[in-house]
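Trainee: Positions 14 to 494 (our numbering) are the ones given, in order, by the sequence shown.
The structure that follows is given in the form of structure tokens.
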Amino acid sequence: MSATLSWHRLSNRGIAPLLAASVIIAFPLGDAEAQPRRGGPPPEAFKACAGLKANDACTIRAPHGRIQGQCISRGDRPFCVPQSGPRGGPRGGPGREPGGAAGNRPQRGQGGGGSRFGYTEGAPFAGARPVQGRLTDTGQGTCFDERGVIECPGPGQAFYGQDAHYRGRPFDFIDNRDGTVTDRNTGLIWQKAHNTERKTFNSAAWACSRLDLGGHKDWRLPNIKEQFSIADFRGSQGRRFFIDAKAFDIELPDQSILRGDRFAATHRVEMMGQTWSSTIYKGSHWDRDNVEAAFFFNYFDGHIKQAPTEGRNSLFYRCVRGATWGANKFKDNGDGTVSDAASGLIWQRADDGKARDWKASLAYCEGLKLAGQGDWRLPNVKELQHIVDYSRHDPAIDPEYFKQTDAKGWFWSSTTHGDNIRMASYVCFGKCVSVDGVDVHGAGAQRADPKTGDPKNFGSLGGQRDQVRIKNYARCVRDDG
């Protein structure tokens, strides 16, 4: 396909949902240089990808806002293919819930919409350092900078210390051939099937308690740490699920799932993988007293949030059996560190009170000298979520062992979020608020922030108007041994 291929044909082929007319309108008609080439992308599309390569995220600046897209290589010059119209607040920041992009091959049951800033997964970084902890790895083996996929840097270089540089315990699932899957890392036994009928919280809990499967009747809803233990952060919304689809059944619903959805204007089918956990939020759902809510993990878009347990909120569910997993076994070492015998990790007891962007947080932990040790790193998102204390909120961490300088603080992980590789995952230890200050997701939620930039250049993100901070805190970790 040549670089002069019709912009309209690109849209119709599913690479970009904008029509040709929307791109033409985006540029001043009085500027001859800005006029689209007949039958091809406008000059601004090529300018947006100057110095970039195929699959990198790009931004076309237009009078009515910024148009986010992805660089596509057709011929010898990459150009920016829009993935949506201007989004975010008045300054045109990108939306929290990204949409389609070229990337991983769709898994079973998934369409090709994909993540707006997704990526093509390659072989895992061969030079990754083994981690001796007991937690299952995220699966992420690709390195990123603030804009796209990069070759994994070496020690002392920018962006060293991210998720792919460290290799944890691999996924270890056994299909028992009786409708169940054993996770040999946690000892939990999971329901293999994807329950396509969404249920209310109480109905889902009841369905699990009544399940007779694999010769067992002691099934239950998993807690949020158990749920997160099988999350796969090679995922990219619409391209690859945030769970291993070879081990577990999972599929997209049809469009009827959006009927009656209060956030239907910003939601798509590829976002609707919300799956109940049994973990009740100890704070107030959306700051509403007397509204009980439970956390859920979304295996379609890779986020932890919470939803009311009463009313019409119906989500997916997947049952589990076995000894409850996820409890910590902390010990204060008296030297500014805390050991967790449950995970085999040692944590920095107190954050340093400085908020940083993602790149600076990676460098901070890599350079930390504490308790006579210099092999500290920024934790991946699974390690970080594992120390959340879901019996608390504001903040959701055990104050007997940890000091959190800012009770409202959010903490970076080393894990890039596959839906939008300009973003990295963080965990809200403080309330997970909107730009309006409302606790929309709950302390203990896991979301994603832009890796760099000025928060003022971003409006509220997503249907719940997520606040953008970019400067988040870091709590470093190292192996125990």
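Note that beta-carbon positions come from the ideal geometry of N, C-alpha and C, so glycine has one too.
Which residues in the same chain as Tyr312 place their Cβ atom closer than 7 Å to its Cβ, once the five residues preceding and following it in sequence are excluded?
Mentor: By 1-based counting over the sequence shown, the position of residue 312 is 299. Same-chain partners within the cutoff: Phe254, Phe255, Ile256, Ile263, Gly286, Thr288.
Trainee: Report the rounded CA-to-CA distance for Gly192 versus Ser374, giving the unit in angstroms.
Mentor: Position 179 of the sequence shown holds residue 192. Position 361 of the sequence shown holds residue 374. Answer to the nearest angstrom: the Cα atoms are 43 Å apart.
Trainee: Candidates Cys378, Ser216, Phe138, Gly273: which alpha carbon is nearest Tyr330's?
Mentor: The count along the sequence shown starts at 1 and reaches residue 330 at position 317. Selected option, being the one with the closest Cα: Ser216.
Trainee: Assign Lys259 to one of two classes, buried (16 or more other C-beta atoms within 10 Å of its C-beta) or exposed (fewer than that).
Mentor: On the sequence shown, position 246 is the one that residue 259 refers to. That one is exposed.
Trainee: Put Lys344 into one of helix, strand or coil per three-state DSSP.
Mentor: Translated into the one-based positions of the sequence shown, residue 344 becomes position 331. Of the three classes helix, strand and coil, the one that applies to Lys344 here is strand, per DSSP.
Trainee: With DSSP run on the structure shown, which of helix, strand or coil describes Cys489?
Mentor: Taking the first residue of the sequence shown as position 1, residue 489 is located at position 476. Of the three classes helix, strand and coil, the one that applies to Cys489 here is coil, per DSSP.
Trainee: How far does the beta strand (DSSP E) with His352 in it reach, from first residue to last?
Mentor: Residue mapping note: residue 352 aligns to position 339 of the sequence shown, counting from 1. Correcting the residue identity first, residue 352 is Ser in this sequence and not His. 350 to 353 is the extent of the beta strand (DSSP E) around Ser352.
Trainee: Could you check whether the region 478 to 491 touches the region 460 to 470, counting it as contact only if at least three pairs of C-beta atoms, one from each stretch, sit closer than 8 Å?
Mentor: These segments touch.
Trainee: Tell me, please, whether the CB atom of Gly335 is closer than 8 Å to any CB atom in chain C?
Mentor: As a matter of chain content, chain C is missing from the structure shown, which is built from one protein chain.
Trainee: Just curious, the beta strand (DSSP E) that Leu358 is in, first and last residue?
Mentor: The sequence position of residue 358 within the sequence shown is 345, counting from 1. Taken as a continuous stretch (DSSP letters only), the beta strand (DSSP E) holding Leu358 covers 358 to 361.
Trainee: In angstroms, rounded to a whole number, what distance separates the CA positions of Ala63 and Thr279?
Mentor: As a first step, residue 63 is located in the sequence shown; it is residue number 50 there, counting from the start. As a first step, residue 279 is located in the sequence shown; it is residue number 266 there, counting from the start. Taking the straight line joining both Cα atoms gives about 30 Å.
Trainee: Please work out which residues of its chain come closer than 6 Å, Cβ to Cβ, to Ala409, disregarding the five sequence neighbours upstream and downstream, and give them in chain order.
Mentor: Taking the first residue of the sequence shown as 1, we reach residue 409 at position 396. If we look at Ala409 and ignore the five residues flanking it on each side, its Cβ neighbours are Val401, Asp402, Phe442, Ala456, Gly457.
Trainee: What are the boundary residues of the beta strand (DSSP E) that Ile317 is part of?
Mentor: What you label residue 317 is simply residue 304 of the sequence shown in a count that begins at 1. Unbroken beta strand (DSSP E) run through Ile317: 316 to 321.
Trainee: Tell me which residues share the same chain as Asp493 and place their Cβ nearer than 7 Å to its Cβ, disregarding the 5 neighbours each side in the sequence.
Mentor: Position 480 of the sequence shown, counting from 1, holds the residue named residue 493. Cβ within range, chain order: Ser352, Gly357, Leu358, Ile359.
Trainee: Straight-line CA distance for Ser222 to Asp231?
Mentor: Residue numbering aside, residue 222 sits at position 209 when the sequence shown is read from its first letter. Residue numbering aside, residue 231 sits at position 218 when the sequence shown is read from its first letter. Roughly 7 Å between the two C-alpha positions.
Trainee: On the premise that Leu391 lies in contact with Ala244, defined as a C-beta separation below 8 Å, what is that separation, rounded to the nearest angstrom?
Mentor: Within the sequence shown, residue 244 is the residue found at index 231, counting from 1. Within the sequence shown, residue 391 is the residue found at index 378, counting from 1. In fact, because the Cβ distance is near 18 Å, the residues do not count as touching under 8 Å.
Trainee: Return the CA-CA distance between Gln361 and Thr350, expressed in angstroms with no decimal places.
Mentor: Reading the sequence shown from its first residue, position 348 is the one you call residue 361. Reading the sequence shown from its first residue, position 337 is the one you call residue 350. One C-alpha to the other measures close to 5 Å.
Trainee: Using the rule of at least 16 other Cβ atoms within 10 Å of the residue's Cβ for burial, across every protein chain shown, is Lys238 buried or exposed?
Mentor: Locating residue 238 in the sequence shown gives position 225, where the first residue counts as 1. Buried is the call here.
Trainee: Using the C-alpha atoms, what's the distance from Ala139 back to Phe415?
Mentor: To locate residue 415, count along the sequence shown from 1; it is residue 402. To locate residue 139, count along the sequence shown from 1; it is residue 126. Taking the straight line joining both Cα atoms gives about 34 Å.
Trainee: In the DSSP assignment, find the unbroken alpha helix (DSSP H) run with Ala61 in it and report its ends.
Mentor: Taking the sequence shown and counting its residues from 1, the one referred to as residue 61 is at position 48. Note, Ala61: alpha helix (DSSP H), 56 to 61.
Trainee: Is Asn326 near Thr213, with beta carbons less than 8 Å apart?
Mentor: For this step, residue 326 is matched to residue 313 along the sequence shown. For this step, residue 213 is matched to residue 200 along the sequence shown. Yes. Within cutoff.
Trainee: Any idea what DSSP makes of Gly380, helix, strand or coil?
Mentor: By one-based count along the sequence shown, residue 380 stands at place 367. Helix, per DSSP.
Trainee: Who are the near neighbours of Asp348 in its chain, counting only those whose CB is closer than 7 Å to its CB and skipping five residues on each side?
Mentor: The residue labelled residue 348 in the question sits at position 335 within the sequence shown. The answer, listed in chain order, is Ala384.
Trainee: Using the rule of at least 16 other Cβ atoms within 10 Å of the residue's Cβ for burial, across every protein chain shown, is His77 buried or exposed?
Mentor: Within the sequence shown, residue 77 is the residue found at index 64, counting from 1. Annotation note: pLDDT 38 at His77 (below 50); position unreliable, coordinate value reported separately. Exposed is the call here.
Trainee: Among residues of its own chain, excluding the 5 on either side of Asn189, which ones have a beta-carbon nearer than 7 Å to its beta-carbon?
Mentor: For this step, residue 189 is matched to residue 176 along the sequence shown. Here the set comprises Thr195, Gly227.
Trainee: Considering only DSSP beta bridges, list what Ala306 is partnered with.
Mentor: Mapped onto the sequence shown, residue 306 falls at position 293. DSSP lists Pro321 as partners of Ala306.
Trainee: Going by DSSP in three states, Asn311 sits in which element: helix, strand or coil?
Mentor: Numbered from 1 along the sequence shown, position 298 holds the residue referred to as residue 311. The answer is strand: DSSP assigns Asn311 an E or B state.
Trainee: Hey, how far is the Cα of Arg147 from the Cα of Gly154?
Mentor: Within the sequence shown, numbered from 1, the residue matching residue 147 stands at position 134. Within the sequence shown, numbered from 1, the residue matching residue 154 stands at position 141. Whole-angstrom Cα-Cα distance: 18 Å.
Trainee: Answer with buried or exposed for Ile202, where buried requires no fewer than 16 other C-beta atoms within 10 angstroms of its C-beta.
Mentor: What you label residue 202 is simply residue 189 of the sequence shown in a count that begins at 1. Ile202 should be labelled buried.
Trainee: Tell me the residue span of the beta strand (DSSP E) that contains Ala437.
Mentor: Mapped onto the sequence shown, residue 437 falls at position 424. 436 to 441 is the span of the beta strand (DSSP E), which, as asked, contains Ala437.
Trainee: Below 6 Å CB to CB, which residues in the same chain sit around Gly98 once its five sequence neighbours on both sides are set aside?
Mentor: Start at 1 with the first residue of the sequence shown, and residue 98 comes out as number 85. The pLDDT assigned to Gly98 is 35, lower than 50, so where the model puts this residue is not dependable; a value taken from the coordinates is nonetheless given after this. Taken in chain order, the list of residues that qualify is empty.
Trainee: For Gly105, which of helix, strand or coil comes out of DSSP?
Mentor: Mapped onto the sequence shown, residue 105 falls at position 92. Residue confidence for Gly105 is low, a pLDDT of 31 falling below 50, so the modelled location carries little weight and cannot support an answer.
Trainee: If you drop the 5 nearest sequence neighbours on each side, which residues of the same chain put their C-beta closer than 7 Å to that of Thr151?
Mentor: Taking the first residue of the sequence shown as 1, we reach residue 151 at position 138. Excluding positions up to five away in sequence, the list reads Asp176, Phe246, Asn393, Val394, Lys395, Thr428.
Trainee: What span of residues does the alpha helix (DSSP H) with Phe241 cover, start to end?
Mentor: As a first step, residue 241 must be located in the sequence shown, where it is residue number 228. Counting along the chain, the alpha helix (DSSP H) containing Phe241 begins and ends at 237 to 242.
Trainee: Can you look up Ile202 in the DSSP assignment and give me helix, strand or coil?
Mentor: Counting from 1 along the sequence shown, the entry for residue 202 is found at position 189. DSSP places Ile202 in strand when its eight states are reduced to three.
Trainee: By Cβ distance, which residues of its chain are closer than 7 Å to Arg211, with the 5 residues on each side in sequence left out?
Mentor: The residue labelled residue 211 in the question sits at position 198 within the sequence shown. Counting only Cβ-Cβ distances below 7 Å, and skipping sequence neighbours, we find Ser327, Leu328, Phe329.
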